[in-house]
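A.B. asks: Could you have a look at this structure, given as C-alpha cells, before my questions?
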Amino acid sequence: MWTMMGISEGLGPPVAMVLLEVIYSGMFILSKMALVDGLSIRVFVVYRQAVATLVLAPAAYFSSSCSLTWKSFWWIFLSAFVGATMNQNLALEGLYLASASVTCATSNLIPAITFVLSYFVGLEKLDFRSPRSYGKIIGTVVCITGAMVMDFLRGSKLLNAATASPILVGPVGERDWIVGCVCMIAYVFCWPIWLILQVPIIKCHPNHISASAWTCAFSVLQSAVVALVIDRDSRAWILKPNIELAACIYTGVFATGVAFFVQSWSISIKGPAYSAMFNPLSTVIVTIIESLFLQEALYIGSLAGGVAVIVGLYIVLWGKAGDSTREEAPNVQSVGKPESQDDLEDRLLASSTR
Numbered sequence: 001m002w003t004m005m006g007i008s009e010g011l012g013p014p015v016a017m018v019l020l021e022v023i024y025s026g027m028f029i030l031s032k033m034a035l036v037d038g039l040s041i042r043v044f045v046v047y048r049q050a051v052a053t054l055v056l057a058p059a060a061y062f063s064s065s066c067s068l069t070w071k072s073f074w075w076i077f078l079s080a081f082v083g084a085t086m087n088q089n090l091a092l093e094g095l096y097l098a099s100a101s102v103t104c105a106t107s108n109l110i111p112a113i114t115f116v117l118s119y120f121v122g123l124e125k126l127d128f129r130s131p132r133s134y135g136k137i138i139g140t141v142v143c144i145t146g147a148m149v150m151d152f153l154r155g156s157k158l159l160n161a162a163t164a165s166p167i168l169v170g171p172v173g174e175r176d177w178i179v180g181c182v183c184m185i186a187y188v189f190c191w192p193i194w195l196i197l198q199v200p201i202i203k204c205h206p207n208h209i210s211a212s213a214w215t216c217a218f219s220v221l222q223s224a225v226v227a228l229v230i231d232r233d234s235r236a237w238i239l240k241p242n243i244e245l246a247a248c249i250y251t252g253v254f255a256t257g258v259a260f261f262v263q264s265w266s267i268s269i270k271g272p273a274y275s276a277m278f279n280p281l282s283t284v285i286v287t288i289i290e291s292l293f294l295q296e297a298l299y300i301g302s303l304a305g306g307v308a309v310i311v312g313l314y315i316v317l318w319g320k321a322g323d324s325t326r327e328e329a330p331n332v333q334s335v336g337k338p339e340s341q342d343d344l345e346d347r348l349l350a351s352s353t354r
C-alpha cells in the first residue's frame with residue numbers, strides 16, 4: 001500500500017501515525033465546539049461509534065477471512081469497553097469540564113504510561129547497555145516535557161492578540177473543573193490499556209478491519225446503555241444540522257473508524273509504546289490550528305515546546321530503530337522477552353485483576 005503511494009515500507013508507520021495525530025487534532029477542535037453548542041457527551045459517543053460501525057462494516061464483511069470466536073469476542077468486547085466506551089466518555093467529559101490546557105497536559109502523559117505498562121507486560125524491551133534504550137527513555141521525557149512547556153510556560157506573544165477563542169470556552173465552575181481533571185486522569189490510563197489490549201486481539205483475530213468494526217459495534221451497544229441511563233431526555237438525541245452533525249460524522253469516520261484501524265495496524269508492526277509516542281504531536285498541531293484559524297495567541301513557550309516535542313520524537317524513533325527486526329503478527333517487533341503469546345495473555349489477565 002505504501003509503495004503505491006511512493007512511501008517506503010519503513011516510513012509507513014510513522015507517516016500513518018503523524019496523519020492520525022492530524023485527525024485527532026481536528027477531532028479536538030470539532031468536539032469542543034459541538035459540546036459547547038449543547039451536544040450531549042453520552043449521545044455524542046453513541047453517534048460517533050454508530051457512524052464508525054457503518055463505515056467499517058462493509059469493508060470488514062468483504063475483507064474478513066477469520067470468524068469471531070469466543071476468545072476473540074471477549075478480548076474485543078473488553079477492548080471496546082475500555083478503549084471506546086469508557087475512554088471516549090471520560091475524554092469528552094474532561095474536555096468539556098476542564099480547560100484545554102489541562103486536557104492537553106494530561107493526555108501527554110499517555111506515552112509515559114504506555115511505555116511503563118508495555119515494559120512490565122513484556123511488550124517493550126530495555127537493554128541498559130545499549131545507547132538506543134537510553135534514547136527511548138530520554139526521548140519520551142523530552143517529548144512530554146516539551147508538551148508540558150507548551151501548556152504552562154507561555155512567555156511573550158508571537159502571533160495574534162486574542163487570549164482565547166470564544167467558541168472553545170464553555171461554562172465551567174471550580175467544582176466542574178475538578179471533576180474534569182479526574183476524568184482526564186482516568187482517561188490517560190484507559191487509552192494505554194486499550195493500546196496494549198490490541199496485542200492479544202491481533203493474536204486471536206488478526207484482521208484489523210474486522211476487529212475495528214466489531215470494536216465499534218460493541219461500543220455502540222455499551223455507549224447506548226450508558227446514554228439511556230444518564231441522559232433520559234429524549235431531546236438530547238436530536239442532532240442540530242450544524243457543528244453537532246459535522247462533529248459526529250468527522251469523529252465517527254476518521255477519529256474512530258480510520259483511527260482504530262491505523263492504530264491496530266501500527267501496533268501489530270511497532271508495538272503499543274511506539275503508537276503512543278506520537279500523542280504529543282496533537283498538542284503542537286492544535287496550537288497551530290488555533291493560532292492560524294481561531295485567532296488564538298501563539299506564545300514563545302508554545303513554539304519552544306513544539307520544537308522539543310519534535311526533537312524528542314526523533315530521539316525515540318532513533319531508539320526504536322535499534323529494536324529487533326519486525327516479526328510477523330501477532331509477534332510485535334518490540335516484544336522484549338522470548339515468551340509465548342499465551343503467556344502474555346495470562347499476564348495481561350492477571351494484571352487486570354489486581
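Quick note on the UniProt record's numbering: the sequence shown kicks off at 1 and runs consecutively. C-beta atoms are modelled at their ideal positions from N, C-alpha and C, and glycine is treated no differently.
(1) Helix, strand or coil: how does DSSP classify Lys157 here?
(2) In angstroms, rounded to a whole number, what distance separates the CA positions of Tyr24 and Ala147?
(3) According to the neighbour-count rule (16 or more other Cβ atoms, all chains shown, within 10 Å of its Cβ), is Ala50 buried or exposed?
(4) Express the C-alpha separation of Lys203 and Ser324 in angstroms, rounding to a whole number.
(5) Where do the ends of the alpha helix (DSSP H) carrying Trp237 lie?
(6) Within a Cβ cutoff of 6 Å, which residues of the same chain sit near Asn331, ignoring the five residues on either side of it in sequence?
(7) If you follow the alpha helix (DSSP H) that Leu303 is part of, which residue opens it and which one closes it?
(8) Which same chain residues end up closer than 7 Å to Ala308 when comparing Cβ atoms and leaving out the 5 residues on each side of it in sequence?
(9) Between the Cα of Pro200 and the Cα atoms of Lys32, Leu56, Tyr61, Ser72, which residue gives the shortest distance?
(10) Reducing DSSP to helix, strand and coil, say where Phe260 ends up.
(11) Figure out for me which residue from Val284, Phe81, Gly257 has the closest Cα to the Cα of Ala59.
(12) Using three-state DSSP, classify Met277 as helix, strand or coil.
(13) Among the candidates Ile29, Ile110, Ile249, Pro206, whose CA atom is the shortest distance from the CA of Val45?
(14) From Arg235 to Asp37, what distance separates their C-alpha atoms?
(15) Which whole-angstrom value is the C-beta distance of Gly94 and Cys183, which I expect to be below 8 Å?
(16) Glu124 by DSSP, collapsed to three states: which one?
(17) Just checking, does the region 10–18 make contact with the region 205–215 on the three C-beta pairs under 8 Å criterion?
(18) Would you grab the beta carbon distance between Val55 and Gly301 for me? Rounded to a whole angstrom, and I think it's under 8 Å.
(19) Name the residue from Met17, Gln88, Phe28 whose alpha carbon lies nearest to the alpha carbon of Ile288.
(20) Per DSSP, what kind of secondary structure is Glu328 in: helix, strand or coil?
(21) Locate the alpha helix (DSSP H) running through His205, then write down its first and last residues.
(22) If you measure between the beta carbons of Trp194 and Val82, is that distance less than 7 Å?
(23) Let me confirm a value: Val188 is counted as buried when at least 16 other C-beta atoms fall within 10 Å, else exposed. Which label applies?
(24) Among Phe261, Ala247, Ile230, Ile41, which has the Cα closest to the Cα of residue 356?
(25) Smallest Cα separation from Cys66: which of Val43, Tyr119, Gln222, His205?
(26) Sort Ala246, Ile269, Val286 by Cα distance to Ala34 and report the nearest one.
C.D. replies: The answer reads as follows:
(1) Start at 1 with the first residue of the sequence shown, and residue 157 comes out as number 157. Three-state DSSP puts Lys157 in a strand.
(2) For the purposes of this step, residue 24 is taken as the residue at position 24 of the sequence shown. For the purposes of this step, residue 147 is taken as the residue at position 147 of the sequence shown. Taking the straight line joining both Cα atoms gives about 16 Å.
(3) By one-based count along the sequence shown, residue 50 stands at place 50. Classification for Ala50: buried.
(4) Numbered from its first residue, the sequence shown carries residue 324 at position 324. Numbered from its first residue, the sequence shown carries residue 203 at position 203. With a pLDDT of 47 at Ser324, under the threshold of 50, the modelled position of this residue cannot be trusted; read the value that follows with caution. The straight-line gap from Cα to Cα measures roughly 19 Å.
(5) Residue numbering aside, residue 237 sits at position 237 when the sequence shown is read from its first letter. That residue, Trp237, is in no alpha helix (DSSP H); it is neither H nor E in DSSP.
(6) As a first step, residue 331 is located in the sequence shown; it is residue number 331 there, counting from the start. Any answer about Asn331 is weak, because its pLDDT of 45 lies below 50 and its placement is not dependable; what the coordinates show is given next. Same-chain partners within the cutoff: there are none.
(7) The residue you call residue 303 lines up with position 303 of the sequence shown. Per DSSP, Leu303 belongs to the alpha helix (DSSP H) from 300–320.
(8) For the purposes of this step, residue 308 is identified with residue 308 of the sequence shown, where counting begins at 1. The residues are Val142, Thr145, Gly146, Val149.
(9) Counted from its first residue, the sequence shown places residue 200 at position 200. When only C-alpha atoms are compared, the closest one is Ser72.
(10) In the sequence shown, residue 260 corresponds to position 260, counting from 1. Looking at Phe260 - three-state DSSP - the assignment turns out to be helix.
(11) Taking the first residue of the sequence shown as 1, we reach residue 59 at position 59. Considering only alpha carbons, the answer is Gly257.
(12) Position 277 of the sequence shown, counted from the start, is the residue given in the question as residue 277. Correct three-state label for Met277: coil.
(13) Your numbering for residue 45 matches position 45 in the sequence shown. Answer by Cα proximity: Ile249.
(14) Counting from one through the sequence shown, the residue named residue 235 turns up at place 235. Counting from one through the sequence shown, the residue named residue 37 turns up at place 37. Rounded to the nearest angstrom, the two C-alpha atoms are 14 Å apart.
(15) If you number the sequence shown from 1, residue 94 lands on position 94. If you number the sequence shown from 1, residue 183 lands on position 183. The pair is a contact, with the Cβ atoms about 4 Å apart (cut-off 8 Å).
(16) Counting from 1 along the sequence shown, the entry for residue 124 is found at position 124. If DSSP states are grouped into helix, strand and coil, Glu124 belongs with coil.
(17) no
(18) Numbered from its first residue, the sequence shown carries residue 55 at position 55. Numbered from its first residue, the sequence shown carries residue 301 at position 301. Wrong, their Cβ atoms sit about 39 Å apart, outside the cutoff.
(19) Here residue 288 is taken as the residue at index 288 of the sequence shown, counted from 1. Nearest C-alpha to Ile288: Phe28.
(20) In the sequence shown, the residue the question calls residue 328 occupies position 328. Unreliable positioning characterises Glu328 in this predicted model, as indicated by a pLDDT of 39, which lies under 50. The coordinate reading is nonetheless provided below. Of the three classes helix, strand and coil, the one that applies to Glu328 here is coil, per DSSP.
(21) Counted from its first residue, the sequence shown places residue 205 at position 205. First-last for His205: undefined, no H or E at that position.
(22) Residue 194 sits at position 194 when you count from the first residue of the sequence shown. Residue 82 sits at position 82 when you count from the first residue of the sequence shown. Going by C-beta atoms, Trp194 is nearer than 7 Å to Val82.
(23) By 1-based counting over the sequence shown, the position of residue 188 is 188. With 16 or more Cβ atoms within 10 Å of its Cβ, Val188 is classed as buried.
(24) Missing from the structure shown is residue 356; the chain here goes from 1 to 354 and no further.
(25) As a first step, residue 66 is located in the sequence shown; it is residue number 66 there, counting from the start. Taking only the C-alpha atoms, the option nearest Cys66 is His205.
(26) As a first step, residue 34 must be located in the sequence shown, where it is residue number 34. When each option's Cα is compared against that of Ala34, the closest is Ala246.
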